[in-house]
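Going by this note's numbering, the sequence shown opens with residue 20, and the numbers climb by one from there.
Notes follow once the structure below has been shown.
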Amino acid sequence: MSQPNPKLMADDDQEKPLSPAPEIRRLPTAIDEALSTKSNKQRPGFRKCTICCGIATAVVLIIAVVLLVLGLTIFRVKNPEINMNSAAIIGLDRVNAADLLTGKANLTVVADVSVKNTNVAPFKFKRSNASLLYHETVVGVADVPGGVAKARRTMRLNLTFEVTVAEIAGNQQFGSDLASGILPVESYTKINGRVNILNIIKKKATVTMNCSIAVNITSRGIVGQNCKRHVSI
Numbered sequence: 020m021s022q023p024n025p026k027l028m029a030d031d032d033q034e035k036p037l038s039p040a041p042e043i044r045r046l047p048t049a050i051d052e053a054l055s056t057k058s059n060k061q062r063p064g065f066r067k068c069t070i071c072c073g074i075a076t077a078v079v080l081i082i083a084v085v086l087l088v089l090g091l092t093i094f095r096v097k098n099p100e101i102n103m104n105s106a107a108i109i110g111l112d113r114v115n116a117a118d119l120l121t122g123k124a125n126l127t128v129v130a131d132v133s134v135k136n137t138n139v140a141p142f143k144f145k146r147s148n149a150s151l152l153y154h155e156t157v158v159g160v161a162d163v164p165g166g167v168a169k170a171r172r173t174m175r176l177n178l179t180f181e182v183t184v185a186e187i188a189g190n191q192q193f194g195s196d197l198a199s200g201i202l203p204v205e206s207y208t209k210i211n212g213r214v215n216i217l218n219i220i221k222k223k224a225t226v227t228m229n230c231s232i233a234v235n236i237t238s239r240g241i242v243g244q245n246c247k248r249h250v251s252i
C-alpha cells in the first residue's frame, strides 16, 4: 500500500487566497439625480394627502359631537303632559234628591283639559275617548278630538261627559254617598300621539291621566280633585 506524499499534504494545508470582494457599482449620476427629483416631487403630495385626511377626520368628529350634544339637549324627546284644569257639572242645580234616587236627572260634566308639549317639535295625537266612572262603573263617555300641540305650547281641550244618572242611582253605594253628602267620581283620559323631529327622531307616547273628583251634593260643586299622570314610550 502506497504512502501519502508529505509534500502534497503540505501544499493542501496552505491557505487558499480569498476571492476579491465584488465591486459596488454606482448608479450613473443622471439616474441618481432623476430618482432624487422624483422623490422630492412625491413628498409634497403625500403631505397634502395626510393633511386632507386629518381635516376630514376632524370634521367628522366635530359633526358627531355636535349631533350627540343636540340629541341630549335640544333634540331630546320629552314626555308630553296632560292636566285637568277644572271640571264643572251642568244641570246639577236643577236636580233634587228624588230625581237622583229615581235616576231621572240629566247631568253634563265639562272638563277643561290641557295638553302641554315641551318638545321642539309638534306632538300629534289621535282621536280617543275619556271615561267618567262612579265606583269603577262607567257612567259617562266623552270624545277626545285629535289634534296637534305645537312645539313648546299648551293645547286646551273641553271634554263633555253626558252622565247617565240611572247608573249612579242603581249603584249599591249611592245611598251611603248620598247620606255623606259627597259623591266620588273618577275620570280616565288616554291620549296616543307621536313627536317627530325633522323626520329623524320619531317617538311615540301614550299619556294617561286618572283623576279622583269629589262632588258636594248640597253645594253642587267640586270640593276635591286629585290627578295622577303616566307616560309610556
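Don't be surprised by glycine CBs; every beta carbon is placed ideally from N, CA and C.
Please check the pair residue i and residue j, which I expect to be a contact at CB under 8 angstroms, by giving their CB distance rounded to whole angstroms.
i	j	result
Phe193	Ile187	6 angstroms
Thr208	Ile81	Thr208 to Ile81, Cβ: 45 angstroms. No contact.
Val204	Leu126	With 8 angstroms as the limit, Val204 and Leu126 do not qualify as a contact, their Cβ atoms being about 11 angstroms apart.
Could you have a look at residue i and say whether DSSP puts it in helix, strand or coil?
i	result
Ala170	coil
Gly165	coil
Val134	strand
Arg248	strand
Gly73	helix
Ile219	coil
Taking only the alpha-carbon atoms, compute the straight-line gap between residue i and residue j and give it to the nearest angstrom.
i	j	result
Thr237	Glu155	23 angstroms
Pro164	Cys72	55 angstroms
Ser147	Met228	13 angstroms
Asn218	Ala140	10 angstroms
Asn190	Ala124	15 angstroms
Thr183	Leu197	17 angstroms
Val128	Phe180	5 angstroms
Let me confirm a value: residue i is counted as buried when at least 16 other C-beta atoms fall within 10 Å, else exposed. Which label applies?
i	result
Gly159	buried
Val79	exposed
Val242	exposed
Ala107	exposed
Go through its chain and collect everything with a Cβ distance to residue i's Cβ below 6 angstroms, but skip five positions before and after it.
i	result
Ser231	Glu205 and Asn245
Arg239	Leu111 and Asp112
Arg175	Ser133
Within its chain, find whatever has a CB closer than 8 angstroms to the CB of residue i; leave out the 5 residues flanking it on each side and keep chain order.
i	result
Lys60	Unreliable placement is indicated for Lys60, whose pLDDT of 49 sits below 50; no coordinate value is reported for it.
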